[in-house]
Ligand code: B12
Ligand SMILES: Nc1nc2c(ncn2[C@@H]2O[C@H](COP(=O)(O)OP(=O)(O)O)[C@@H](O)[C@H]2O)c(=O)[nH]1
Ligand SMILES: [Mg+2]
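Protein chains in written order, with the numbering used here: chain A, 1 to 324; chain B, 325 to 468.
Below is the structure:
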C-alpha cells in the first residue's frame, strides 16, 4: 500500500474534516514499527507538543479508565476550547498476538466530542506497561492539536514504570483492598509516582487505605520527588468526588513545574533517539545478514579465520555504510 | 525494549471494532465474537452497549479499524445499520468492511447486504465460520 505520509501530516495538522482520520492513520503507521514508522517519527520532530502529558498507572481494576473518563469530563467543562487526547494501552495475548481493547467502554460518553481523541493500543509484546508505538502516537496527538494527553498503561505490576519516560506527571491509581502498607514500601511503582490517587473513595476501607498510604510515603526516607501531603488524593470516580480538586492540583503543579518538565522532555528525546538508532541498526543488520548467506560468516569464525569481535565490527560497518 | 513474544512488525495485527447500537442490551454475542476474534489474532476494540451511530463511527475513525462489526438482537438492525453507514461516510470512512450478526431474518440479511454490509452472521454460526469469513473479506479487500 502506498501512503503519502507528508500529505497525512499536512492534513492532521490543519483544522478540517479529515484531521482526525489523517491523525489516526499516522498513528497506525507509527505503531506498525516498520521503516515507515521511523519515517513518520522523523518528520514529526518539530511538531507542536502537548502542554501536559499525564500518565496513569496502577493495577487492573483500580479505576484508571473511569478516572480518565472523569478527568476528561471536568477538563472539557472548564476549558471548552481545549483538545484532549487519550492513549489507552491494554495487553496483547502472547498466544494469538490479538488483543481485547476495552478501556473505551468507560469513556464512551466522550465519543461524540470532537475535541477528544481516544486511541486504544495493544502492547504487541512490549514489556514495561506501554506499547512500542506510544511515543509516536503521542507525537501525532501533539500534531493534531491536543493540549493535554492522558496515557493509561496496562499497569500490571510493580515494575511497570516505563510511563515515567513519557509523561510529565505520573498518577498511580490505587483502590482499597489491593494490598497493604507493606507493599507501598517496596521499591518500583511507589517511587515512580508523582501523585497517588486512592480511587473508590465510596467503598468501605478507602479512608483507612488513604491514611495508611500517607503514613508509608513518609517512611520513604529520601523522597527524591519531594511529594507533599497533597500528592496523596482520595477520590471516587464513580461518585465524581474529589476529581475537580485533583484536576486543580494537577494544573497548579503544571504551573510551578513546567520548566522542569520541559527540560525532562529534552532528556527523554535523547533516550528515544538512542532507541531509534538501535532499532535502525538492528534492521540494517538483519538486511546485511540475509545477504551474507553464501559467505557464511559463522563458518569463518568456526575455522578461526577471524575473531567474533572483529567480525562484529566489520558487519556493523558494512550494515551502516552499505545501506545508507 | 526486549520483546518476549514472537511478533513480526512487518504484519501488525488488523484492528476490528465490535459494538452495539441502540437500546438493545444483549451483549453476550458481541463479547463472544470479540473474544474469538482476539484469539484469531485481531486487535478488537470493544465499545460496549447502547452506543449512538455517531459514537460508533467516530470511534472507528479514531481507532483506524479495518472492520466494523455490529450485533443486533433487537430487531432494529436495518434502521440503525443505515445510520451507522451514513455516519461512517460522513467521516470519509465508508470503505471499512462492515459485518453484522444477531437475530436477523433472511429477508433483512439480503437488505443489509444491498446496503453495503459485507456479511451477516445469525445465531448458531460457529466461531470458525465467523473467523474464516472475516479473513476472506479482508483478503478480498486487499486484492481489490
Ligand atoms: C440470553 C438472552 C437474554 C438475556 C441477555 C443476557 C446478555 N447480557 O446478553 C436477558 C435475559 C437479559 C434477555 C433480556 C431480554 N430479551 Co433476550 N434473549 C436471550 C436469548 C435467549 C439468547 C441470546 C444470546 O445470548 N445468545 C448467545 C449468543 C452467543 O448468540 P448471538 O448473540 O446470537 O450471537 C451469535 C450470532 O448471532 C453471531 N453474532 C451476533 N452478533 C454478532 C456481531 C458480529 C460482528 C458478528 C461477526 C457475529 C455476531 O455470532 C454469535 C455466535 O454465533 C435470545 C434468543 C435467541 N434465539 O437469540 C433472546 C432474545 C434475543 N431476547 C428477546 C427479548 C424480547 C428480550 C427482552 C426484551 C425480554 C423482555 N421482554 O424483557 C429483554 C431485553 C433486554 C435488553 N435490555 O435488551 C428476543 C428478541 C426479539 C427480537 N429480536 O425482536 C429474543 C430473540 C427471544 C425471542 N425469541 O423472543 N435476553
Ligand atoms: N465503587 C467504585 N467502583 C469504581 C470506581 N471507579 C471505577 N470503579 C469500578 O472498578 C472497575 C474497574 O474500573 P476501570 O476504570 O475499568 O479500571 P482499570 O482497569 O484500572 O482501567 C469497574 O467495574 C468500575 O465500574 C469508584 O470510584 N468506585
Ligand atoms: Mg482500563
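The C-beta atom is built at its ideal place from N, Cα and C for all residues, glycine as well.
The alpha helix (DSSP H) enclosing residue 171 of chain A, as first and last residue numbers
Boundaries for residue 171 of chain A: no alpha helix (DSSP H) harbours it, while the beta strand (DSSP E) harbouring it runs 169-174, taken from the DSSP string.
Would you mind sorting residue 187 of chain A into buried or exposed? The rule is 16 or more other CB atoms within 10 Å of its CB.
The predicted position of residue 187 of chain A is uncertain, since its pLDDT is 48 and thus under 50; a value taken from the coordinates is nonetheless stated next. Residue 187 of chain A is classed as exposed because its beta carbon has fewer than 16 other beta carbons within 10 Å across all chains shown.
Separation of residue 147 of chain A from residue 75 of chain A, as counted between CA atoms:
C-alpha separation (whole angstroms): 11 Å.
By the DSSP assignment, the alpha helix (DSSP H) with residue 166 of chain A in it spans what residues?
Here residue 166 of chain A belongs to no alpha helix (DSSP H), and DSSP marks it neither H nor E.
Can you pull the chain A neighbours of residue 393 of chain B, defined as C-beta to C-beta under 7 Å?
Among the residues of chain A, none has a CB under 7 Å from the CB of residue 393 of chain B; the nearest is roughly 14 Å distant.
Looking at the strands, I want to know which residues DSSP matches up with residue 469 of chain B.
Past the boundaries of the shown model lies residue 469 of chain B; chain B is included only from 325 to 468, so the question cannot be answered.
Can you round the beta-carbon distance between residue 154 of chain A and residue 89 of chain A to whole angstroms, since I take them to be within the 8 Å contact cut?
Confirmed, Cβ separation roughly 5 Å.
Leaving out five residues on either side along the sequence, give the residues of the same chain with a beta carbon under 8 Å from the beta carbon of residue 340 of chain B.
Short of 8 Å from the beta carbon of residue 340 of chain B, and not among the five residues preceding or following it, lie these beta carbons of its own chain, in chain order: 361, 366, 367, 368, 369, 389, 390, 391, 392, 393 and 458.
Indicate the three-state DSSP secondary structure (helix, strand or coil) for residue 88 of chain A in the structure shown.
In this structure, residue 88 of chain A counts as strand in the three-state DSSP scheme.
Should residue 429 of chain B be listed as close to ligand 3, given that the test is whether its C-beta is under 8 Å from any heavy atom?
False, no ligand heavy atom lies under 8 Å from that Cβ.
Quick check on DSSP: helix, strand or coil for residue 444 of chain B?
Residue state for residue 444 of chain B is assigned as strand, using DSSP reduced to three classes.
Can you tell me whether residue 67 of chain A sits near ligand 2, meaning its C-beta is under 8 Å from at least one heavy atom of the ligand?
Answer for residue 67 of chain A: yes, Cβ within range of ligand 2.
Runs of alpha helix (DSSP H) lying entirely within the region 38-110 of chain A, each at least 4 residues, in chain order:
Fully enclosed alpha helix (DSSP H) runs of 4 or longer: 64-78.
Shorter than 9 Å from the beta carbon of residue 451 of chain B to some beta carbon of chain A?
Residue 451 of chain B does not count as touching chain A.
With DSSP collapsed to three states, give me the class of residue 316 of chain A.
In this structure, residue 316 of chain A counts as helix in the three-state DSSP scheme.
With respect to 8 Å, is the separation between the Cβ of residue 447 of chain B and the closest non-hydrogen atom of ligand 4 below this value?
Annotation note on ligand 4: not contained in the displayed structure, which lists ligand 1, ligand 2 and ligand 3 as its ligands.
Tell me the DSSP bridge mates of residue 426 of chain B?
Looking at the DSSP output, residue 426 of chain B bridges to B:396.
Is there a C-beta anywhere in chain B that falls below 9 Å from the one on residue 56 of chain A?
Between residue 56 of chain A and chain B, the shortest Cβ-Cβ separation is not below 9 Å.
Any Cβ of chain A within less than 9 Å of the Cβ of residue 422 of chain B?
Residue 422 of chain B does not count as touching chain A.
When the cut-off is 9 Å and only beta carbons count, does residue 368 of chain B lie next to chain A?
With 9 Å as the cut-off, residue 368 of chain B counts as an interface residue toward chain A.
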